[in-house]
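Chains as they are written, first to last, in the working numbering: chain B, 1 to 405; chain A, 1001 to 1405. Built from N, CA and C at the ideal position, the CB exists for glycine as well. Remember, predicted model here, so these are calculated numbers, not experimental data. To start, the structure under review is shown below, and the notes come after it.
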């Protein structure tokens, strides 16, 4: 069986007309002798409306009931898709997670798919039916409805692709694919034809909102080829696959940038073992995510300057926690809003000398000052003044020959 | 266990504020050491919105998916009620029909509850929890969601009362109870404190829209005491129970009337055996419901006049069917719109002589002509001109001492 998983996001099923369109897309695979397994999100707006109701009922809405509540959104979307396929003469039915079943572990609102029973769906596929499966949810061992915390319906799609050994998992969404940088910010941004999981992971965690990092990681671990494409335009999307599956002639795959970062510097910290841990532990406990960290080597061996970045929203809480932390000593606390992290990502950079130099030089030419640097095997990130973000992206996009011709 | 089934209709859970109110009502039973089993309909408007969507997808929407679609409405309402109870400190959870399970037989959109498994709900009640159960639905033997055709959530409530041997089944709705006649039409209408199943059945089938006849019949067969009351006002409602449970000092329990009736008369029909069957069979095949039927004895033994009533909506179809029916011969077909059936209902009338006379006399005094009469053990119905309906109700309501003091 040539199984393909087709996942439709909330905007793709956001109206009756769009659901009719989705049925036609599914039909096009069916005609090509594929066996589609369809996963759908709730119609856009529906989940938010249900969440609004939950908040009006209680600010501490029971998580187990929250899952019962919001999971109804996918149920509605799936029944409409299945009925529409039936209307155009194709055998189809909705499969709710308890009917399959899809078993999850972990807490309500934040469960993770543990296993998917295959027999019923396989039998249904063999009979020529197209199953429409509710994304974003499952049931736990107590037969209670759960929802998947991170990744949502994408995570459902990837796990279905894994359990049914699908040739490909196609994520239909409201963008045409993954771009070299945000096309809303840079007109010259180019759609990427193929990208490795690793690059996509960096792109995703650094701000490209196409897919949740956790889902890409799941796909990578299970070697599932993902295609991200638009449900509105008939155009090829972006294939996300393993590095070896394609010839890479680009050093840099893309450029991403963040919004709303803030920089914190502790000047004159006593340079003793364990001091960084003492600073970061209470932040972590308060769910404050520390991103880039730089510690200068101290000249006298007694004091050091420690710099790190956090989200601007966490700045006030961070200030309070650090000032109230009696386990650490420092001379001065510097806080700086309006910084931005710009990153270049590409598996090619490890084998290409001089990438770092080219990045720094092209920023220097534009008089952009680099405040913090962090690097990994496949990316280099720099922290700069927020006002320079666009200028930096334009310069780097050109430098690494990413501009659309 | 003092089990009581509490059923809330769509308007009773029609907004967040009303759901909060419903949680308080449930709490009042909980405080009185009852073990409430709650059944809820969908929030008013939700089901209609889903049905609208289904029609936009297809005029022949797959019935099995229709049930998946509309059953989501009760799921939403139940999760909100359970979470609200939890918010005010009471252990509660939603129970979807597949979780219990509630097993149905029959076709989609028109299923009937076959059995309700008791163990899980009993265990939950013993632990002190309040189960909030989705009305109007179940699952079939193939584990597919079904919805209950007639009676809806009322039927669910009555079956739950039966399977859990509840002391009482309380139907919370947007009216205060059952009235001697429609209070919107007659100010002097009085709320009935207690009424027998049989009277209520006649009242329901004759136009009182409080409950579906099929649910009252189920309650009668299983001897379940029903109380119909308002979820908006703290007032006693109407108890529906068996005749022996109360002293009946009223000859007549109530008066009902119909709208949109039409009268059909076939003049000069050949009076042979089987002629009535030949007339009514094709009507029945076309789902045209024939209500009152009167056949005059023919003077010469050869011809007769046959009169019956139908809904006005069916009048044109009925005309066509009769005129196209080659198996029957008649001289003339008379059609009359704008007639109304007025009925007096009461178990007391069989043991009280002169009820029929009193009814006819009081109508005659008002110069209201009776066109057709039909009677049963506990009711007398007359067909009159529609324009006289209100006048007739006022006269009869007074004659049988039903007027509110």
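**Prompt:** Under 8 Å, do residue 1094 of chain A and residue 68 of chain B count as touching if we go by C-beta distance?
**Reply:** yes
**Prompt:** Is residue 1347 of chain A helix, strand or coil when you go by DSSP?
**Reply:** helix
**Status (buried if at least 16 other CB within 10 Å, exposed otherwise) for residue 144 of chain B** = buried
**Message:** If contacts are defined as beta-carbon pairs under 8 Å, then residue 100 of chain B and residue 116 of chain B qualify, I think. What distance do you get, rounded to the angstrom?
**Reply:** 6 Å
**Request:** Rounded to whole angstroms, what's the CA-CA distance from residue 84 of chain B to residue 10 of chain B? Just pull it up for me.
**Result:** 17 Å
**Item:** Pair within 8 Å by beta-carbon distance, residue 1082 of chain A and residue 62 of chain B
**Value:** yes
**Asked** Quick one: what does DSSP say residue 400 of chain B is sitting in, helix, strand or coil?
**Response** coil
**Message:** Check whether the region 1103 to 1111 of chain A and the region 1119 to 1130 of chain A are in contact - that is, three or more C-beta pairs closer than 8 Å.
**Reply:** no
**Message:** For a test of the three-state rule: what should DSSP assign to residue 1331 of chain A, helix, strand or coil?
**Reply:** coil
**Message:** With distance defined between alpha-carbon atoms, name the residue in B:97, B:376 and B:371 nearest to residue 406 of chain B.
**Reply:** With chain B represented from 1 up to 405, any question about residue 406 of chain B goes unanswered, as that position is not in the structure.
**Three or more C-beta pairs below 8 Å linking the region 1271 to 1289 of chain A and the region 1308 to 1315 of chain A** = yes
**Prompt:** Taking residue 1194 of chain A as the reference, which of A:1226, A:1164, A:1186 and A:1167 has the closest Cα?
**Reply:** A:1226
**Item:** Straight-line gap, residue 111 of chain B to residue 102 of chain B (C-alpha atoms, nearest Å)
**Value:** 11 Å
**Asked** Pairing CB atoms from the region 197 to 204 of chain B with CB atoms from the region 253 to 260 of chain B, are three or more of them under 8 Å?
**Response** yes
**Item:** Interface residues of chain A facing residue 94 of chain B [CB-CB closer than 8 Å]
**Value:** 1065 and 1068
**Request:** Determine the burial state of residue 59 of chain B: buried for a count of at least 16 other Cβ atoms within 10 Å of its Cβ, exposed for fewer.
**Result:** exposed
**Prompt:** Who are the neighbours of residue 83 of chain B on chain A, taking C-beta pairs under 8 Å?
**Reply:** 1054, 1057, 1058, 1061, 1062, 1065, 1066 and 1069
**Request:** Spatial neighbours of residue 139 of chain B within its chain, please: CB distance less than 8 Å, with the 5 preceding and 5 following residues excluded, ordered by chain position.
**Result:** 97, 98, 101, 102, 103, 104, 145 and 146
**Request:** Give a single yes or no on whether residue 304 of chain B has its beta carbon closer than 7 Å to a heavy atom of the ligand GDP.
**Result:** Absent from the structure shown: the ligand GDP. Ligands present: none.
**Prompt:** Any idea what DSSP makes of residue 1364 of chain A, helix, strand or coil?
**Reply:** helix
**Message:** If we define contact as Cβ-Cβ less than 8 Å, is residue 1295 of chain A a contact residue for chain B?
**Reply:** no
**Item:** Per-residue burial, residue 1359 of chain A [other beta carbons within 10 Å of its own, 16 or more giving buried]
**Value:** buried
**Asked** Around the C-beta of residue 1350 of chain A, are 16 or more other C-beta atoms found within 10 angstroms, so that it is buried, or is it exposed?
**Response** exposed
**Prompt:** Per DSSP, what kind of secondary structure is residue 1209 of chain A in: helix, strand or coil?
**Reply:** coil
**Prompt:** In three-state DSSP terms, what is residue 1125 of chain A?
**Reply:** helix
**Request:** State the Cα-Cα distance for the pair residue 159 of chain B and residue 214 of chain B, rounded to the nearest angstrom.
**Result:** 12 Å
**Message:** Against chain A, does residue 303 of chain B count as a neighbour if the rule is that its beta carbon must be under 8 Å from one of theirs?
**Reply:** no
**Residues that DSSP places opposite residue 1092 of chain A in a beta bridge** = A:1130
**Request:** Measure from the alpha carbon of residue 1120 of chain A to the alpha carbon of each residue in A:1132, A:1281 and A:1186, then state which is nearest.
**Result:** A:1132
**Message:** Along the chain, where does the alpha helix (DSSP H) containing residue 1075 of chain A start, and where does it finish?
**Reply:** 1063 to 1087
**Request:** Note down, in chain order, every chain B residue with its Cβ under 8 Å from the Cβ of residue 1080 of chain A.
**Result:** 53, 54, 57, 65 and 69
**Prompt:** Would residue 1264 of chain A pass as a contact of residue 1352 of chain A if the rule is Cβ separation under 8 Å?
**Reply:** no
**Message:** Distance cutoff 8 Å, beta carbons only. Does residue 1374 of chain A sit that close to anything in chain B?
**Reply:** no
**Message:** With a threshold of 8 Å between beta-carbons, can residue 1125 of chain A be considered close to chain B, or not?
**Reply:** no
**Request:** Can you give me, in chain order, the residues of the region 4 to 28 of chain B that have a beta carbon less than 8 Å from any beta carbon in chain A?
**Result:** 16, 19 and 20
**Message:** Counting only C-beta atoms, is residue 97 of chain B closer than 8 Å to chain A at any point?
**Reply:** no
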